[in-house]
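Each remark here refers to the structure printed beneath this line.
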């Protein structure tokens, strides 16, 4: 939609724009978030396209995803075989409510920064232990786990002017095995629960690496449970979920009742456990 | 910054505004084929290509298109040279109203390699494309290259699957919808809406708004006529209560209009709205219909005079009520061997016609005639009420609709025409108001939410002995359609059964919520859900097959219709196909086709339900038709009814061509314009073919007789003299016939999640003589799809402050292609004695039996009776878990331990 209070759309100039960020400013990545909701407080859009960040950079440390990387670019990424955990990328992209047309513009960073519980890029990056590199006004970066950036329904820990530069998925996580499950009220609808599980190297049901379960969409912010001893039993897993999340901790919105989401969370978690135990 | 659109380089001076999206920029450049459905990136109607990649132009910053090749539906192909995808949509008629079509075509054309897709892959590719009319089958056919249109045969057009006359323009983005024109000097209106559910304006200050550059006019309740009226439109304005003011000092629901700002741009009008200061006195509000009836409840229209406003009891929030007894229901129940009873809740849903409400008003003829071009199903009724509100002679007001992008009853209202007309009269300039999708949800109309209780008794052999229906309908803050919907709900749902002992108790009440209005089925979708559910339970109690039970009890020709009265009215059995419909569904379900259940943990069941619909509204429905043979040999047909995806434009030409023995191409149709004919009650109550088509048939027959009498020489003589040969006819919509629909489902339900898979879906329809089989089939499929959304997912949710929380197409769960399975459509073979050429309506009717058939199938599969719509996965799972159905995960084991 037209953002009729916007007076300027200017190219962002990197760190200088972070320092000059003012009330009424907003970072413009793909636009699919900003242009989808009225916001009369907006005066100026700072266009991140101008920064021309390389969308995906693989290093020895892991995969750095620029905030401006589109979902289409991520979905098309030819993941190296040494990083099998990236096998869940496609399914996470398909969990976006918008179709491939929206993938052409929507960005990974934008999906995280809108802070929606059902944001599948939040699910993916939180599930793969992603860390955000954030440019701060006055210079300097801070690094925060994705799960500490998205802190509630539509809420993030980003201060005004802070700019998400990239999300790095650490190589250690990518070398593990990962699986995801998603459920929705409607076929191909918005996620009511989206869970990612990951098993660190060495793989194996017992005595292997740690097992991580990240719960999103059914709760207001990502929650990760870690089992250092490897794949837990179904009973252990369920007990841990129940200990971590009270019935009232589940998200309540038009996309599912909390009671159902709690049930789905436990059911999908068990499926993921069974898949990674196999 | 240079822009290239559809191969044209724009002049360097043409630049978008910084916050402008590509959609409006393209429309500013005349690319009116690019449509607004939602403006939030969800419906896909605005799809264009940027460097060949399909994107939603409403989300795309226009500035970013600089230096890229933008292709719209209008550049993809033209009527004389369509793109292959456009051609495919034509030959499969992959559209009805056509408002979503550009989006589907551009999405399909942007899929890349063009390799055929199917199943989930196809549904995934189109999950951001909403079609509300077709139910997607015709679109799937187009995408698969199927041809469903047939060739015309002069004189025998009726009965053939001829294409819609506007097809070539629709698939290429040339068809002009309501707002696809840009008169010189156009001004734009934006509305200040209420932040409170119930409040009084102590004062309103427009000074700052008027000072905003570009603002020309601000209208508040102090500036407009105080006449009370209703937004709901019927042939008689007395059918609805006079409870509404154009702008009121008291607001009675959140987002009610408070003031209107007119400016030279939408941006300036919006800025003006933000600058208005209102001092509110907030008043207590009531949102629940039962609480609204309780003593001491806040009153929605407490100050109104009951008689003058035609409100049953303003001191109790009671809009209308009905209490009737036929025969002796108590004796009937006493005689019953089995009694089944249930209480049901049917939710608020929105029409989601893809074209939002919108209108443009201007003056011409030296300022003496007011023109209103609007998205309406009822141009004549809007004209009449506008004339009354504005104190003008109806002859000085012209109201017309161009192509209308869907309606489903939502456009049987007067929601924006009054304000643009007032502003145009003040300013002597064209003024436009366009609803946003959010305004559609918060401030247009919805289906009436209802609580219904049904009780039925029958003998051991399966004969109904008594029927009882009690309903409480929530009409929201205004009573438009409130009473009429209540009466309709209590009529055909009961009258379809042969039972003399019937008690009806209905009430419709005000609450401080978004008003309800007319929506496909007009009350019957709610009541049929309840009645057909209890019929199913009763048959089950008696151990009788549910179809056999219905066959035993439904009306047959010669029977009286007994519901609120057993006195005869003007409804007759012009034809009867209910027996065939029941048999067709039984046979279809007995066929071993359809999908298998996905796995052994799924529970499988079958269910059926029926619906009866009178052809047209009670109290008459007027239609005029005027037909002329022009000197150039062409035939001009003028009717008042509106085409909004219902296919009447196609059928009226077929009717006229058949009467005249010519091909449909010889006939030019002019429709939905108060300047074209004297009167038409409008395109509602399923009257487009049955009533207006009858007028067309009579007029065309008269012309045929006249031409025969004149002979070839006589006709040629008049043509040479430049004279048109004109005939006209009318029909008053009475007597009426009845039509029937029966739906059957086989479903699989997964108790572990509450998911419902439809394995088989079949609807049998009694449409009389089917005028256009492909089009009629699509109406049934589209009605089924809309009803599936209403049965499973859709709900307008309202929070504790009276605010609609599902105010966009991301939170309101509309059916995508992924939800909608194929529905097999089987037609009864009947010939109606009353309808034109034997035809009966088939527009609202297919919607009505779907939800109860689905509920009955779910009941059969799970043993649990759904009593609330929608039957969402979460609520169904909760119901199954609470009932102890095995497999929900709640009964045992560690996962269920805490539930």
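Protein chains in written order, with the working numbering: chain A, 332 to 609; chain B, 262 to 1160. The beta-carbon is built from N, C-alpha and C at its ideal position, and this holds for glycine as well.
Looking at the DSSP output, residue 438/B shares a beta bridge with 664/B. Shown here, residue 624/B sits in a strand according to DSSP, grouped into three states. At a cut-off of 8 Å between beta-carbon atoms, residue 490/B makes no contact with chain A. The beta carbon of residue 541/B sits no closer than 8 Å to any beta carbon of chain A. By DSSP's assignment, residue 1029/B forms a beta bridge with 1100/B.
Among the residues of the region 751 to 766 of chain B, none has a Cβ less than 7 Å away from any Cβ of chain A. With a threshold of 16 other beta carbon atoms within 10 Å, residue 274/B falls short and is exposed. DSSP lists 715/B as the bridge partner or partners of residue 603/B. It is roughly 18 Å from the alpha-carbon of residue 271/B to the alpha-carbon of residue 321/B. When Cβ-Cβ separations below 8 Å define contact, residue 321/B makes contact with chain A. Judged by their CB atoms, residue 607/A and residue 521/A are not nearer to each other than the 8 Å cut-off. Residues of chain A whose Cβ lies closer than 9 Å to the Cβ of residue 282/B are, in chain order, 332, 333, 334, 362, 366. For residue 348/A, there is no enclosing beta strand (DSSP E); the enclosing alpha helix (DSSP H) has its first and last residue at 346 to 351. Residue 357/A is bridged by DSSP to 376/A. For the pair residue 888/B and residue 558/B, the Cα-to-Cα distance works out to about 56 Å.
Here residue 957/B really is in contact with residue 900/B; their C-beta atoms are around 6 Å apart, less than 8 Å.
For residue 480/B, DSSP records a beta bridge to 521/B.
For residue 315/B, the nearest beta carbon of chain A is closer than 8 Å to its own beta carbon. For residue 338/A, a Cβ of chain B is located within less than 8 Å of the residue's own Cβ.
Within the region 425 to 452 of chain A, those residues whose Cβ lies closer than 8 Å to any Cβ of chain B are, in chain order, 425, 428, 429, 430, 431, 432, 433, 435, 436. Taking 8 Å as the threshold, the shortest C-beta distance from residue 1052/B to chain A does not fall below it. Between residue 335/A and residue 528/B, the beta carbon gap of about 4 Å places them in contact (Cβ cut-off 8 Å). A contact between stretches requires three or more CB pairs, one per stretch, nearer than 8 Å, and the region 875 to 893 of chain B meets this requirement with the region 974 to 991 of chain B. Annotation note: the region 446 to 508 of chain A contains the following uninterrupted alpha helix (DSSP H) runs of length 4 or greater, listed N- to C-terminal: 451 to 458, 477 to 480, 502 to 505. Relative to the Cα of residue 425/A, the nearest Cα in the group 403/A, 414/A, 416/A, 409/A belongs to 403/A. Short of 6 Å from the beta carbon of residue 588/B, and not among the five residues preceding or following it, lie these beta carbons of its own chain, in chain order: 761, 762. Out of 1023/B, 720/B, 606/B, the CA that lies nearest to the CA of residue 714/B is found in 606/B.
In this structure residue 339/A is exposed. Its beta-carbon is surrounded by fewer than 16 other beta-carbon atoms within 10 angstroms.
Neighbours of residue 279/B in chain A, taken as residues whose beta carbon is under 9 Å from its own, are 334, 337, 338, 339, 340, 341, 375, 376 in chain order. The residues 661, in chain order, have a CB closer than 6 Å to that of residue 934/B in the same chain once the five nearest residues on each side in sequence are set aside. Between residue 1090/B and the set 1068/B, 1032/B, 1123/B, 472/B, the nearest pair of CA atoms involves 1032/B. Going by DSSP, residue 1045/B is part of the alpha helix (DSSP H) stretching over 1034 to 1053. Annotation for residue 989/B: the continuous beta strand (DSSP E) segment containing it runs 986 to 992.
When rounded, the separation of the alpha-carbon atoms in residue 408/A and residue 392/A is 17 Å. When the Cα atoms are used, residue 742/B and residue 776/B turn out to be separated by approximately 10 Å. Here residue 1011/B is near residue 862/B, since their CB atoms are less than 8 Å apart.
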